[in-house]
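Colleague: Pasting a structure below so you can have a look.
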Amino acid sequence: MTYTIRPLTDKQIRELIKLNRRCFRNGENYTKTTFNYLFNEPNVLSYQIAANNEQMAAFVFVILNPDGTAHLTTIGVAPEHRRRGLAEMLLKHIEKVLAVKGVSTIVLEVRVSNLPARRLYEKCGYTAVRTISSYYSDGEDCLLMLRAI
Numbered sequence: 003m004t005y006t007i008r009p010l011t012d013k014q015i016r017e018l019i020k021l022n023r024r025c026f027r028n029g030e031n032y033t034k035t036t037f038n039y040l041f042n043e044p045n046v047l048s049y050q051i052a053a054n055n056e057q058m059a060a061f062v063f064v065i066l067n068p069d070g071t072a073h074l075t076t077i078g079v080a081p082e083h084r085r086r087g088l089a090e091m092l093l094k095h096i097e098k099v100l101a102v103k104g105v106s107t108i109v110l111e112v113r114v115s116n117l118p119a120r121r122l123y124e125k126c127g128y129t130a131v132r133t134i135s136s137y138y139s140d141g142e143d144c145l146l147m148l149r150a151i
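Under this note's numbering, think of the first position of the sequence shown as 3, with each following residue one higher.
Set out below in structure tokens:
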């Protein structure tokens, strides 16, 4: 199988919403309204990974902040494409794009219980800097993680 990173646009919103629901069955799901907002904000970058140049296998959204930092708001990989390095591919891609734009630091939040994601972020150089209590709608805490680029 071949994987290709491409910009993600609002033309793929239906496919994105379906994939988002599959990625985050037991977590926070972005709504169509949220995705429309992100697509219409000029300071948001979004990318997808297409499998065999067709099906969306993964996605990421990053907000550029005025202070020279970026916020990784969501990243998801289809269950059948997990454990193939796609999230790491997306992280490396956005880090390169952000470095060119002069971004110094990327921040993100991750559920304390999401050990696979935490391990991925740590492997990619992210460091947990604090815990935010009751961050998610179900009351679970998150770790705030960052990486200098």
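Cβ coordinates follow ideal geometry from the N, Cα and C atoms, glycine included.
Using the three-state DSSP reduction, which class does T4 fall into: helix, strand or coil?
Modeller: In this structure, T4 counts as coil in the three-state DSSP scheme.
Colleague: Have a look at D12, Y49 and L21 and flag the residue whose alpha-carbon is nearest the alpha-carbon of L100.
Modeller: Answer by Cα proximity: Y49.
Colleague: When you compare only the Cα positions, how much space is there between L92 and S139?
Modeller: Looking at the two C-alpha atoms, the distance is approximately 26 Å.
Colleague: Is V79 helix, strand or coil by DSSP?
Modeller: Reduced to three states, the DSSP call for V79 is strand.
Colleague: Does the region 35-46 come close enough to the region 82-91 to have 3 or more Cβ pairs within less than 8 Å?
Modeller: No, they do not touch.
Colleague: Compare the C-alpha of T129 against each of T76, T11 and L148 and name the closest.
Modeller: Of T76, T11 and L148, the residue nearest in Cα terms is L148.
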